[in-house]
Amino acid sequence: MSKHDSGVLAVNGGPKVRATPMPPRRLFGSEEKRAAMRVFDKAIETGNAFSYNGPEQKAYEAEFAAFHGGGYAVAVNSGTNAIFCALGGLQIDVAREVVVPPVTDNGGIMPAPMLNLVPVPADCAPGFFNTGPEQIEKVLSKRTAAIIVAHIAGEPADMDPIMELARARRIPVIEDCAQAHGARYKGRLVGAIGDVAAFSTMCGKLHATGAQGGMVYTRDEELIWRVKRFSDRGKPFNLKNATENVVMGLNCNQNDLAAAIGRAQLKKLPQVIAKRRRLAGKIIEGLKGLEAVSLGRELPDTEGVYWFLRVHVDTSKLTVNKARFASAVAAEGLPVEERYTQASPKRPWFLERQTYGRSGCPWTCPLYRGPRQPLLELPDADEVLDSHFVIYFHENYGAREVRDIVAALAKVERAFLKRPHPKCAR
Ligand SMILES: Cc1ncc(COP(=O)(O)O)c(C=O)c1O
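As numbered in the working numbering, residues 6 to 431 make up the sequence shown, in order.
The structure is reproduced here in structure tokens:
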């Protein structure tokens with residue numbers, strides 16, 4: 006028993022397992038600073054402001070695509086707009102449906118109604134934050150025009166059967182890789198499996214372009230040009246005979262300063278991923294002796310990148326519910342979110358159709374032939390959110406943080422197990 010295991014939980018006035026804050030992530034260092042300074046130096050030297058679609062952005066797009074095994078990339082200004090531009094590039098008629106993830110950020114869903122497309126959430130695969138092929142199949146209709154699959158917490162969704170299902174119906178699949186840069190499914194990088202992928206590169210993600218940013222990636226050259234045009238007000242990129250704007254779109258451009266930071270970050274990404282996997286592996290190992298707590302089950306033959314730690318709590322073995330368990334872990338000094346909050350289909354904007362004034366569009370659009378209210382039967386999403394909590398995690402943790410995470414979970418479990426732990430019963 007460690008010194009923290011006096012048995013008295015911090016929530017009851019005992020000593021905390023972790024009395025000092027977790028270390029900061031230190032995402033940006035001298036490499037990113039130098040990259041940004043180079044952009045400024047050039048602007049000062051030439052007298053020309055740095056811009057967008059410039060040499061840094063083009064190089065970043067090429068390097069990002071190369072990281073994913075080739076293909077094409079368009080840098081944009083957020084992950085939300087990466088989804089928006091991926092959908093925009095697909096040129097879907099209004100009032101069609103888009104299957105959306107059951108657990109995701111709002112930015113992974115809102116682009117669909119912004120294009121007057123009806124978002125239809127598929128449930129979670131049982132035990133997972135991600136959806137699965139059966140859950141998607143259940144919500145497909147003759148109106149389905151695209152499927153968005155998110156790899157939440159950096160855990161790959163079950164892409165092969167999803168792609169099989171989608172290909173058979175000629176429905177394009179957008180992979181939302183905002184939380185999963187570098188994760189692998191059966192050896193393949195996520196983002197390179199679906200028809201097109203959207204990444205967020207905001208400052209909390211695995212790699213970043215500064216405060217905000219995003220990337221659209223695909224192996225389809227024709228599609229990437231449609232994405233590019235859509236992302237920049239319909240300018241006629243790669244169209245020989247056009248000189249004027251050819252399609253409606255917004256200004257979702259990235260810029261050369263952000264891209265320069267992204268290039269420096271991309272070089273670090275393999276180490277970031279390796280470190281997260283190493284640390285998470287040690288935590289998984291450390292939790293092996295526990296009875297009610299474990300890291301969330303991952304699909305076989307996948308390699309996640311642990312954007313956060315998804316912690317499963319088997320409350321049938323405990324005297325308390327998950328909320329009380331998670332607050333006791335938080336009181337021990339760990340950065341905990343009691344219930345993953347990004348379950349956006351259940352947010353007010355969605356439930357109350359707060360979209361275009363009071364119109365209720367796209368659900369009420371006269372061209373739409375489906376249900377007029379959002380469909381929200383998501384029992385497995387409810388179950389998985391009820392049985393898991395989140396521990397924030399990053400690659401600048403070390404041996405001490407691993408030890409504290411394991412010790413705090415063990416201490417709280419010991420206090421709340423229904424039957425005494427065999428070691429304590431002696
Ligand atoms: C799964 C998912 N999709 C989309 C987004 C939106 O990305 P951004 O915040 O860069 O707009 C996020 C952001 O956290 C996300 O986690």
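Idealized CB from N, CA, C, for every residue including glycine.
- The beta-carbon separation of residue 84 and residue 183, rounded to 4 Å, stays under the 8 Å limit for a contact.
- Around the beta-carbon of residue 45, fewer than 16 other beta-carbon atoms lie within 10 Å, marking it exposed.
- For residue 276, the CB stays at least 7 Å from every heavy atom of ligand 1.
- Remark: the shortest separation between the CB of residue 112 and any heavy atom of ligand 1 falls under 7 Å.
- Runs of the beta strand (DSSP E) spanning 3 or more residues and lying entirely within the segment 270 to 308 occur at 298 to 300, in chain order.
- Spanning the alpha carbons of residue 165 and residue 201 requires a straight line of approximately 15 Å.
- Shortest Cα-Cα distance from residue 332 to any of 35, 350 and 417 involves 417.
- Measuring C-alpha to C-alpha distances from residue 132 to each of 162, 359, 381 and 154 identifies 162 as the nearest.
- Residue 205 has its Cβ nearer than 7 Å to a heavy atom of ligand 1.
- In the DSSP assignment, residue 85 falls within the alpha helix (DSSP H) that extends over 84 to 95.
- A direct Cα-Cα distance of roughly 6 Å separates residue 41 from residue 262.
- Residue 83 has its Cβ nearer than 7 Å to a heavy atom of ligand 1.
- Residue range 178 to 181 is occupied by the beta strand (DSSP E) that includes residue 181.
- Given a length threshold of 4 residues, each whole run of the alpha helix (DSSP H) inside the segment 334 to 374 is given here in chain order: 353 to 356.
- Residue 11 is a Cβ neighbour of residue 19, given a cutoff of 8 Å.
- In summary, residue 149 is buried, with 16 or more beta-carbon neighbours lying within 10 Å of its beta-carbon over all protein chains present.
- Distance from the CA of residue 127 to the CA of residue 145, rounded to the nearest whole angstrom, comes to 9 Å.
- Taking residue 141 as the centre and dropping the five residues before and after it, the same chain places the C-beta of 104, 127, 152, 167 and 170 closer than 7 Å to its C-beta, in chain order.
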